[in-house]
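The structure under discussion appears below in the form of structure tokens.
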Amino acid sequence: MQASGLVSDFSLQYQLKHDTVASSLYYGQGYSHLVLNRSAKAEYIHTMYKMMGRELAMLLSDRFQSPYGDERKQSILKLVSESDERKLFVAAREGRVAWRRTLLGGCTKSGPCEYGGIDNVARCGGGDGKAPCTDALFDQTRVPQMQKLRQTLSMQLDKAELASPLRSSLQAQLRATENALNVLKRK
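In structure tokens form, the structure reads like this:
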């Protein structure tokens, strides 16, 4: 905002509800971020991609299932091979493969999920009336958490107002969770 010259420092201060202009400038220049030395930052990033590589290697097991069956799972994981964890590390670092944990298992979509995905599973499991997400993989070991999620959603649904957006969202998430549990029961 400051670089454009369209918003004055005082307007920015008012919009951000800061007591002084100095506060706005402090946060605007990125001083609020944690400062790591270069080697610590490099080690952190290296470890992050190494762990992602290990998690990607686990995706080949029967523990993870696609709602579209084994063929779809194999096409999602075409770059992943058990043989070399180092190759997975490099592929993850280069962005050729992706993996994020979700409440139902995980997501292999590169880039951000426009539906939430991490904290709202309605789209992942097809609870919105459409087919489940093609990038979703459901984790067999997360069945107890999914059952608890189903119970929590049911309790919240009982308290939600009829015809409210919250109720619609809870219903969609409940359907998605049940869909995921049904996929995992089939195996």
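Following numbering that gives the first Met the number 0, the numbering of the sequence shown begins with 0 at its first residue and continues without gaps.
Positions of the beta carbon are idealized from the N, C-alpha and C atoms, including for glycine.
Name, in chain order, the residues that DSSP records as bridge partners for PHE63. To locate residue 63, count along the sequence shown from 1; it is residue 64. Note: PHE63 sits in a beta bridge opposite ASP138.
Distance, Cα to Cα, THR151 vs LEU76? Numbered from 1 along the sequence shown, position 152 holds the residue referred to as residue 151. Numbered from 1 along the sequence shown, position 77 holds the residue referred to as residue 76. About 32 Å.
Can you tell me whether DSSP reads MET0 as helix, strand or coil? Position 1 of the sequence shown, counting from 1, holds the residue named residue 0. Since pLDDT at MET0 reaches only 49, below the 50 mark, its modelled position is unreliable, and the value read off the structure follows with that caveat. In the structure shown, MET0 falls within a coil segment according to DSSP collapsed to helix, strand and coil.
Three-state secondary structure (DSSP) of ARG174: Here residue 174 refers to the residue found at position 175 of the sequence shown. Helix at ARG174.
To which residues of the same chain is LYS49 closer than 7 Å at the C-beta, ignoring the five residues directly before and after it? Residue mapping note: residue 49 aligns to position 50 of the sequence shown, counting from 1. Same-chain partners within the cutoff: PHE88.
Selection from ALA159, GLY110, GLY104 and THR19 that minimises the alpha carbon distance to THR176: Numbered from its first residue, the sequence shown carries residue 176 at position 177. Looking at the Cα atoms, GLY104 is the closest of the given residues.
Boundaries (first-last residue) of the alpha helix (DSSP H) holding GLY52: Position 53 of the sequence shown, counted from the first residue, corresponds to residue 52. Start and end: 37–57.
For ARG185, three-class secondary structure by DSSP: Residue numbering aside, residue 185 sits at position 186 when the sequence shown is read from its first letter. Of the three classes helix, strand and coil, the one that applies to ARG185 here is helix, per DSSP.
Leaving aside the five residues before and after PHE63 along the sequence, list all residues of the same chain whose C-beta is less than 8 Å from its C-beta, in chain order. In the sequence shown, counting from the first residue as 1, residue 63 sits at position 64. Once the five neighbours on either side are set aside, the close Cβ partners of PHE63 are MET57, LYS72, GLY104, GLY105, LEU136, PHE137, ASP138 and GLN139.
Report yes if the CB atom of ALA179 is closer than 8 Å to the CB atom of MET145, and no otherwise. Counted from its first residue, the sequence shown places residue 179 at position 180. Counted from its first residue, the sequence shown places residue 145 at position 146. Result yes, Cβ atoms of ALA179 and MET145 sit closer than 8 Å.
For the region 119–163, list the alpha helix (DSSP H) runs that are entirely contained and at least 4 residues long, ordered along the chain. Whole alpha helix (DSSP H) segments, 4+ residues: 142–158.
In angstroms with no decimal places, state the Cα-to-Cα distance between THR107 and GLU160. Counting from one through the sequence shown, the residue named residue 107 turns up at place 108. Counting from one through the sequence shown, the residue named residue 160 turns up at place 161. Annotation: THR107 to GLU160 spans about 35 Å, alpha carbon to alpha carbon.
ARG149 to CYS132 span [Cα, whole Å]: As a position in the sequence shown, residue 149 is number 150, starting the count at 1. As a position in the sequence shown, residue 132 is number 133, starting the count at 1. Rounded to whole angstroms, ARG149 and CYS132 show a C-alpha spacing of 19 Å.
If you draw a straight line from the alpha carbon of ILE44 to that of LEU173, how long is it in whole angstroms? Translated into positions along the sequence shown, residue 44 becomes position 45. Translated into positions along the sequence shown, residue 173 becomes position 174. In a straight line, the C-alpha of ILE44 is about 36 Å away from that of LEU173.
How is the beta strand (DSSP E) around CYS112 delimited, first residue to last? Along the sequence shown, one-based indexing puts residue 112 at 113. In the DSSP assignment, CYS112 falls outside any beta strand (DSSP E), carrying neither H nor E.
Own chain partners of ALA39 with C-beta closer than 7 Å, once the 5 adjacent residues on each side are dropped: Taking the first residue of the sequence shown as 1, we reach residue 39 at position 40. Here ALA39 has no same chain residue with a Cβ atom under 7 Å from its own Cβ, once five neighbours each way along the sequence are excluded.
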